[in-house]
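Notes follow the structure.
In the numbering used here, the protein residues as written are 346 to 542.
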């Protein structure tokens with residue numbers, strides 16, 4: 346995102362050699378750990394299953410992290426409000442390009458990790474083992490009161506108490522494409538804030 350070009354950051358992308366062999370999320374987490382072992386990060390930002398990997402890094406590998414930001418990450422199988430890839434307007438604008446990228450990458454992933462996130466799953470127990478702030482930046486699908494749909498995240502009260510949920514306007518699963526300006530502002534605000542949970 347050009348809005349964050351001044352950040353001192355490290356961006357990790359899973360190599361095809363890893364995604365071809367991964368049979369579960371933890372296989373990807375292990376690879377990320379090997380790339381980051383011994384380092385401290387003020388924040389880890391993970392999109393979708395990347396958010397789950399961030400949580401696993403802290404719990405399973407005691408990664409040194411100041412806070413975690415999960416971008417449109419479902420901790421449990423969520424309801425219909427949280428299923429669309431992009432809003433209708435953004436699909437018309439970016440759909441062909443985004444779907445093209447996703448289609449080209451699909452052969453490099455085994456079915457198991459993707460299938461595990463389409464069936465029943467529950468990563469909320471990880472939250473109770475994490476003592477740093479956790480932010481969940483979710484879609485609002487252009488609706489004025491997305492809080493009405495919080496129940497569709499299927500999160501127990503103990504999980505909701507451990508995370509801070511915020512909404513990126515006019516976006517679905519791809520906020521970095523659909524509303525990069527507001528997303529960048531939210532990320533800066535969170536990263537510049539005092540530790541608050």
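Glycine included, each C-beta is placed from N, C-alpha and C at the ideal position.
Q) So what's residue 412 in DSSP terms, helix, strand or just coil? A) For the purposes of this step, residue 412 is taken as residue 67 along the chain shown, with counting starting at 1. Look at residue 412 here: in three-state DSSP terms it is strand.
**Q.** residue 387: first and last residue of the uninterrupted beta strand (DSSP E) it sits in
**A.** As a position in the chain shown, residue 387 is number 42, starting the count at 1. Looking at the DSSP string, the run of the beta strand (DSSP E) that includes residue 387 is 385 to 392.
**Q.** residue 417 in three-state terms, based on DSSP
**A.** Working through the chain shown from its first residue, we reach residue 417 at position 72. The DSSP-derived three-state label of residue 417 is coil.
Q: Just the C-alpha distance for residue 404 and residue 396, rounded to the nearest angstrom, thanks.
A: Counting from one through the chain shown, the residue named residue 404 turns up at place 59. Counting from one through the chain shown, the residue named residue 396 turns up at place 51. Rounded to the nearest angstrom, the gap between the Cα atoms of residue 404 and residue 396 is 13 Å.
Q | N- and C-terminal bounds of the beta strand (DSSP E) containing residue 481 | A | Walking along the chain shown from the start, residue 481 turns up at place 136. Counting along the chain, the beta strand (DSSP E) containing residue 481 begins and ends at 479 to 484.
Q | Assumed close pair residue 511, residue 429 - CB separation to whole angstroms, cut-off 8 Å | A | For the purposes of this step, residue 511 is taken as the residue at position 166 of the chain shown. For the purposes of this step, residue 429 is taken as the residue at position 84 of the chain shown. With 8 Å as the limit, residue 511 and residue 429 do not qualify as a contact, their Cβ atoms being about 19 Å apart.
Q) Between residue 390 and residue 410, is the Cβ-Cβ spacing less than 8 Å? A) Translated into the one-based positions of the chain shown, residue 390 becomes position 45. Translated into the one-based positions of the chain shown, residue 410 becomes position 65. For residue 390 and residue 410, no; Cβs fall outside 8 Å.
Q: Taking 8 Å as the cut-off, decide whether the C-beta atoms of residue 472 and residue 414 are in contact.
A: Sequence index remark: in the chain shown, residue 472 carries index 127 (1-based). Sequence index remark: in the chain shown, residue 414 carries index 69 (1-based). Cβ atoms of residue 472 and residue 414: not closer than 8 Å.
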